[in-house]
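Enquirer:
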Amino acid sequence: MNTRDSRRPGPVPVIRAALALLLTLALTAGVPILLLGTVGSPFPGTWIWGTPVTNQALLGLVAILAWIFWAQFVLCLVVEIGAEIRLATGRSADWLSRLPGTFSSQQALARTLVRAVVVVGLGSAAISTVVIPHAARVDTHVTAQTDEHFAATPSQGATTVPADSEALRDRASSSPQGRTRHVTVVKGDSLWTLAERHLGSGQDWRNIAELNRGRTMTDGQSFRDSAALQPGWSLLLPAGHEASAGSQIADEVVVEPGDTLWSLSENAYGDGDRWDQIYRANRDHIDDPDLIYPGQELDVPHVEEKPPTSSRHESSPERSDPPRPVPSDSDKRSGAPTALPGSAPEAGARSQPDTRASADRTISSEDDAPDKATMMRALGGGALLLASGLFTALLARRRRQFRNRRSGRTITPTPPHLRPTEHAVRARGSSGGEAADFLDQALRDLAARARRGECQLPEVAAARLSDSSLELVATDDTEPPSPWQPGERANRWRLDRNTDLEPTDAMAPYPTLVAVGLDDAGGTWLVDLEAAGIVQLVGDEASSRGMLRFMAAELATNAWSDSVDVLVDAVGRDLVPINPNRLEHTPQIDLRRLAKTARRVNEAAEATGLNVLTGRADGRGGDTWLPTVLLTDGQNGDEVAAKNNLKSVDELRDELSRDSRRNTVAFVSSTARPLPAAVVLTIDAVGHLNTPWSPPLRPNALSATEGASLGQLFASADDGDDTDEPMPDAATGTTPAAELSDAAGAVRHDLTGPRGGETTTASSLLPMADHFYTDQAATTPEDLDALAPTVPPEIAHEILALDPALDADLEEWHSTRAARPRLRLLGPIELRVNGERPHDVQRRLAYYTELATYLVMRPHGSTPAQMAEAFDIQTNTLHSRINMLRKWLGTHGTTGDWFLPESTLSPAARARGVPVYQLTDVVCDADLFRRLRTRGHSRGERGIEDLGLALELVDGPPFDQQRAGGYGWLAETPHDHYLNAAIVDVAHLVATHALAAGQPERAAWAAGVGTSAVPSDDKPRLDLARALRESPHESEEHARTVDAIINRTDDDSPPPAIGRRTKTLIGRQFADQRRAE
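Residue 111 is where the sequence shown starts when you use this note's numbering, and the numbers rise one by one after that.
1. What alpha helix (DSSP H) runs, 4 residues minimum, are completely inside the stretch 799–866?
2. First and last residue of the alpha helix (DSSP H) that includes Leu1010?
3. Mind checking Pro836: buried by the 16 CB within 10 Å criterion, or exposed?
4. Please report the straight-line C-alpha distance between Ala193 and Glu1082, rounded to a whole angstrom.
5. Between which residues of its own chain and Thr62 is the CB-CB distance below 7 Å, once the five residues before and five after are set aside?
6. Using 10 angstroms around the beta-carbon of Ala662, count the other beta-carbons present and answer buried if the total reaches 16, otherwise exposed.
7. Excluding the 5 residues preceding and the 5 following Val901 in the sequence, name in chain order all residues of the same chain whose CB lies nearer than 6 Å to its CB.
8. Measure from the alpha carbon of Lys1173 to the alpha carbon of each residue in Asp1128, Thr1159, Asp550, Leu553, then state which is nearest.
9. Under the three-state reduction of DSSP, which class applies to Arg942: helix, strand or coil?
10. Taking only runs of the alpha helix (DSSP H) that begin and end inside the stretch 499–572, which ones reach a length of at least 4 residues, in chain order?
11. With DSSP run on the structure shown, which of helix, strand or coil describes Arg1178?
12. In terms of residue numbering, what span does the beta strand (DSSP E) encompassing Gln1071 cover?
13. With burial defined as no fewer than 16 other Cβ atoms inside 10 Å of the residue's Cβ, what is the status of Asp439: buried or exposed?
14. Leaving out the 5 sequence neighbours to the left and right, which residues in its chain are closer than 6 Å to Ala898 when beta-carbon positions are compared?
15. Using only the alpha-carbon positions, how far apart do Ala128 and Thr138 sit?
16. In terms of alpha-carbon separation, which member of Leu1134, Pro1125, Ala1149, Leu623 lies closest to Arg515?
17. Mind checking which residues open and close the alpha helix (DSSP H) that includes Phe660?
18. What's the gap between the Cα of Leu685 and the Cα of Leu933?
19. Would you tell me roughly how many angstroms separate the C-alpha atoms of Asp672 and Ala534, rounded to the nearest one?
20. What do you get for Asn1157, buried or exposed, if any count of 16 or more other CB atoms within 10 angstroms of its CB means buried?
21. Applying the 10 Å Cβ sphere with the 16-neighbour rule, what's the burial state of Glu946?
22. Is Ala788 buried or exposed, if buried means 16 or more other CB atoms sit within 10 Å of its CB?
23. Do Ser498 and Ala537 have their C-beta atoms closer together than 8 Å?
24. First and last residue of the alpha helix (DSSP H) that includes Phe1039?
25. Going by DSSP, what residue range makes up the alpha helix (DSSP H) through Ser990?
26. What residues in its chain sit with their C-beta under 6 Å from that of Arg726, if we drop five residues either side in the sequence?
27. Go ahead and label Asp748 buried or exposed: buried means 16 or more other beta carbons lie within 10 angstroms of its beta carbon, across all protein chains shown.
28. Are the beta-carbon atoms belonging to Ala1104 and Ala1097 less than 8 Å from one another?
29. Three-state secondary structure (DSSP) at Ile174?
30. Count the other CB atoms, across all protein chains shown, that sit within 10 Å of the CB of His885; report buried if there are 16 or more and exposed otherwise.
31. Please list, in chain order, all residues of the same chain as Arg996 whose beta carbon is under 7 Å from its beta carbon, the five residues on each side excluded.
32. So for Asp478, helix, strand or coil by DSSP?
33. Determine the DSSP secondary structure at Arg1022, reduced to helix, strand or coil.
34. Since Gln331 contacts Val365 with CB under 8 Å, what's their CB separation in whole angstroms?
35. If we call anything under 8 Å between Cβ atoms a contact, is Glu921 one with Arg1073?
36. May I have the straight-line CA-CA distance separating Ile191 from Phe179, to the nearest angstrom?
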């Protein structure tokens, strides 16, 4: 056996420390000696103020400055030594992070020198010997304090490990005590205190440093021993001495004057919302959470993640099976019977953990659902193509929900426990949209060129998409057409990302391309499953199943996979709601079905003289070439199915070998036994994915919980009838009359009266009897009840009194010389301000506009911790960016106050007693729209004028042209959904009133505004159709409009069945037309 000192510092840190010590001595002792020998004492012998300035006097001044700089540095050195002593003893040193009266560069130099010495000095204080067996197996399966996805996808957890740390990680994983776990850094933490708290001794801090050296932290910084730990960092810890899972280890703090549980929570965790953790830990000492007293000693717990229970993991966290052997060439050639999905285990074979129960999990609370950080990791890195597909599919689902939304209501919102998942889908999906669009267009462009005879489609096995180009890896030797170019290696085609491609309706030639991982250069690698035919995933079981889920999710959402049928067993069952048109759950894997499909394709190819790619390119027999993919983890089935599959795998292999070119079927499995003639994708012991075409990759995967969360997100966005709910009330303070209105600006329904059937009063926007409007316009009694109820006089008077500044604010919005910032949300997002535009704002205009938008949507403001969480940044970073935004927004012309005050000086901060960022006096078109609608409801029929003014503010879809990677926070409160509903309902009211008044042109204008803003909703299209029918010479346009309503689709699915309201109104219009003829 081998022995090695695990804590003795290596040569590089020792040399670094020695140089730092020498430089420290030179600066502290050498500099004053040099100054005394050259420029002399800083105190001149005589002070002569009346004589001219001489060279000697100038030298004296230089001497004074030099001595001052030296004294400042020495002071910084002393402070940094004191800070290290405090951190080493577990006490906070935040108040020493910036020394007044010195330059930041001086303190940074002192900190670097001190830490370089301390790292080796403390690391050498305790040396022990670690025993390492010769055959130690490297095990990257993460322990109970991390999740399956992190183990499977090191790239998305930012766990790239430099060479000098690999040995330690191998040692850490070679024994049951050596696996790693995670801990989140909070304020005041140091390597010493973390080691003392979690490993039993502060002298073990070097083990933590070794495990994390070179890892990328959550804020993008690379971990270095000498760098200060930042709150929010996730560090790897050796798991040998951990406290019991889920335990709470507390620091003790003494309450000082002015402290609150909120401020203590912000100091400890960076988030005041976690105050209840401190309260629960001290419930015996605190009677009222609002009352704590100076001098009280409170425990501030460090909460560690609880180990996952068996219901949340697919395999036991106590062990990880060794990688399965890669099938040898002899195995592939022999074609011997193979254990396949549904097979019973061999006699004496080790029993595999049963994972079927976890495949149909139900996530019903925030405790079960993955958090935002987990989902952001899952959909980052090499998963951006998946994120883009999910985002596009979710938007299509939302559009279908809006299609049949009832008047006065909003579509069903995302359940609270799934909002972190939607946040990640929105943020990551918008980032990956450009790459996904380019890949889809490039592949279809290639098919179009092949159809025109410019080239032959290559037999693509894999592809690599980078920021600069797309490269196809082919198995045959063909010449690429322009603008494609030969790659640097043989049989590779390359296309620059900046190439302009013409839109085409050509069939995607490679519909089973799926992203499998990310290389070290940031390129995403894709594998063509049908080109491989049979694919076997070899390696860690959890990671292999994670890859299968990822493939299923991609095939369900990729734009170029619109013709794929995907069969999944239990491993992918939870993902079916993402796209039931493509994904099908099959309880029993039947390979005979796949073999029969392959046989039919071969027969069609022989009969037509075509192959799969040429058939797709020229469009002949298009449905013959539609692909089928079967994904299985080999963990389900019965004995009969197992015997059938043993026979069918040989049939499938035989059919696939009849032609050297591709078939339309693909079989992907992570079964334990080798599959004949399979392309093997191996996840090695350090978590890298190895393919026949690429360098080692960081594999893409979805854990069972992540997959279930995505599936339930789409299930919650059901697009059937009546999948809407009442509009919520407006949040207090959003508008002057918010307490009387809902989130769309309508007067709250409980404050209004019924229309009364045939008897109406002038207090309604539409005062005539119902039949007067239903006969003349595309409306129903239900619409009228919801949108034009009666408003009692006392409510109307209160609304008018609450918002006297509306006309002045509206004038400010339209002014060419506005003095206040103006934010447009009813169309492409734009912020117009009069303040200076700092360089960073100029460079990142869309980002700073989003910061302002976030605050405008929160009139009561946001704490720094809440805002940092929404934008996935550290609070220190947020402060500097807010400062830039403050300068850009400028000051009030009359008072000179900032539109964005400091967090301690905002009105909300003064009222709540905690720092709050709050924007004041910004004019926003969305607010004006809601205010105009509220006032219009209070003015009876005259209020239609206000509704018209509101529609004039609309310049396109709300929140249009969002920043890529941004606006994920809209998942928490869907302001975009509320505004969509508000625009459509207001447009319908204006159109209905205009049609009843014999003004079809105005009705058409209002309907056009509604259609341009919310093209998915049927209401404005029906209004437009009715307006066109009333206009002379518009009969053809009317017919086209109606046809567009009936045959419109929001994605690649067939047109859905029209809703009850739409069917009723279209039938009425055609009946009226027949009677008129």
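All residues carry an ideal CB built from backbone N, CA and C; glycine is no exception. Because the structure is a prediction, the values reported are computed rather than measured.
Expert: According to the data block:
1. 814–826
2. Along the sequence shown, read from residue 1 onward, the residue named residue 1010 stands at position 900. Where Leu1010 is concerned, there is no enclosing alpha helix (DSSP H), given that its DSSP letter is neither H nor E.
3. Counting from 1 along the sequence shown, the entry for residue 836 is found at position 726. So Pro836 ends up on the exposed side.
4. Taking the sequence shown and counting its residues from 1, the one referred to as residue 193 is at position 83. Taking the sequence shown and counting its residues from 1, the one referred to as residue 1082 is at position 972. Approximately 40 Å between the Cα atoms of the pair.
5. The displayed coordinates of the chain run from 111 to 1187. Any statement about residue 62 would go beyond what the structure contains.
6. One-based indexing of the sequence shown puts residue 662 at position 552. Counting Cβ neighbours within 10 Å, Ala662 comes out buried, since at least 16 surround it.
7. For the purposes of this step, residue 901 is identified with residue 791 of the sequence shown, where counting begins at 1. Answer for Val901: Val857, Thr862, Ser873, His1047, Ser1048, listed in chain order.
8. Residue 1173 sits at position 1063 when you count from the first residue of the sequence shown. It is Asp1128 whose Cα lies nearest to the Cα of Lys1173.
9. As a working note, residue 942 is residue 832 in the sequence shown. Strand, per DSSP.
10. 529–561
11. Within the sequence shown, numbered from 1, the residue matching residue 1178 stands at position 1068. Arg1178 carries a helical assignment under DSSP once its states are collapsed to helix, strand and coil.
12. Position 961 of the sequence shown, counted from the start, is the residue given in the question as residue 1071. DSSP places Gln1071 in no beta strand (DSSP E); its state is neither H nor E.
13. For the purposes of this step, residue 439 is identified with residue 329 of the sequence shown, where counting begins at 1. Residue placement at Asp439 cannot be trusted, given a pLDDT of 38 that sits under 50; what the coordinates show is reported in the next sentence. With fewer than 16 other Cβ atoms within 10 Å, it is exposed.
14. The residue labelled residue 898 in the question sits at position 788 within the sequence shown. Once the five neighbours on either side are set aside, the close Cβ partners of Ala898 are Ser874, Leu875, Leu876.
15. Locating residue 128 in the sequence shown gives position 18, counting from the first residue. Locating residue 138 in the sequence shown gives position 28, counting from the first residue. In a straight line, the C-alpha of Ala128 is about 15 Å away from that of Thr138.
16. Here residue 515 corresponds to residue number 405 of the sequence shown, with the count starting at 1. Ranking Leu1134, Pro1125, Ala1149, Leu623 by Cα distance to Arg515 puts Pro1125 first.
17. Looking up residue 660 in the sequence shown gives position 550. First-last of the alpha helix (DSSP H) with Phe660: 651–667.
18. Within the sequence shown, residue 685 is the residue found at index 575, counting from 1. Within the sequence shown, residue 933 is the residue found at index 823, counting from 1. Their backbone Cα atoms lie some 39 Å apart in a straight line.
19. Within the sequence shown, the letter at position 562 stands for residue 672. Within the sequence shown, the letter at position 424 stands for residue 534. C-alpha separation (whole angstroms): 24 Å.
20. If you number the sequence shown from 1, residue 1157 lands on position 1047. Under this definition Asn1157 is an exposed residue.
21. As a working mapping, residue 946 is identified with position 836 in the sequence shown. Exposed, because fewer than 16 other Cβ atoms sit within 10 Å of the Cβ of Glu946.
22. What you label residue 788 is simply residue 678 of the sequence shown in a count that begins at 1. Buried, because 16 or more other Cβ atoms sit within 10 Å of the Cβ of Ala788.
23. For the purposes of this step, residue 498 is taken as residue 388 along the sequence shown, with counting starting at 1. For the purposes of this step, residue 537 is taken as residue 427 along the sequence shown, with counting starting at 1. Cβ distance not < 8 Å, so Ser498 and Ala537 don't count as in contact.
24. Residue numbering aside, residue 1039 sits at position 929 when the sequence shown is read from its first letter. That run of the alpha helix (DSSP H) goes 1035–1048.
25. Here residue 990 corresponds to residue number 880 of the sequence shown, with the count starting at 1. Per DSSP, Ser990 is one residue of the alpha helix (DSSP H) stretching across 985–999.
26. Translated into positions along the sequence shown, residue 726 becomes position 616. Met617, Pro619, Trp735.
27. Stepping through the sequence shown from its first residue, residue 748 is reached at position 638. Confidence at Asp748 is low in this model, with a pLDDT of 46, below 50, so its placement is unreliable and the value that follows should be read with caution. Burial call: exposed.
28. Within the sequence shown, numbered from 1, the residue matching residue 1104 stands at position 994. Within the sequence shown, numbered from 1, the residue matching residue 1097 stands at position 987. Here Ala1104 is not near Ala1097, since their CB atoms are 8 Å or more apart.
29. Working through the sequence shown from its first residue, we reach residue 174 at position 64. Ile174 falls in the helix class under three-state DSSP.
30. Sequence index remark: in the sequence shown, residue 885 carries index 775 (1-based). Looking at the sequence itself, residue 885 is Asp, so the reference to His does not match. Asp885 comes out exposed.
31. The residue you call residue 996 lines up with position 886 of the sequence shown. Hits under 7 Å: Trp1008, Leu1010.
32. By 1-based counting over the sequence shown, the position of residue 478 is 368. Note: Asp478 maps to coil in three-state DSSP.
33. Taking the sequence shown and counting its residues from 1, one reaches residue 1022 at position 912. The answer is helix: DSSP assigns Arg1022 an H, G or I state.
34. Against the sequence shown, residue 331 aligns to sequence position 221. Against the sequence shown, residue 365 aligns to sequence position 255. About 33 Å separates the two Cβ atoms, so there is no contact after all.
35. Within the sequence shown, the letter at position 811 stands for residue 921. Within the sequence shown, the letter at position 963 stands for residue 1073. No; because the gap between Cβ atoms is not below 8 Å, this pair is not in contact.
36. Start at 1 with the first residue of the sequence shown, and residue 191 comes out as number 81. Start at 1 with the first residue of the sequence shown, and residue 179 comes out as number 69. Roughly 19 Å separates the two Cα atoms.
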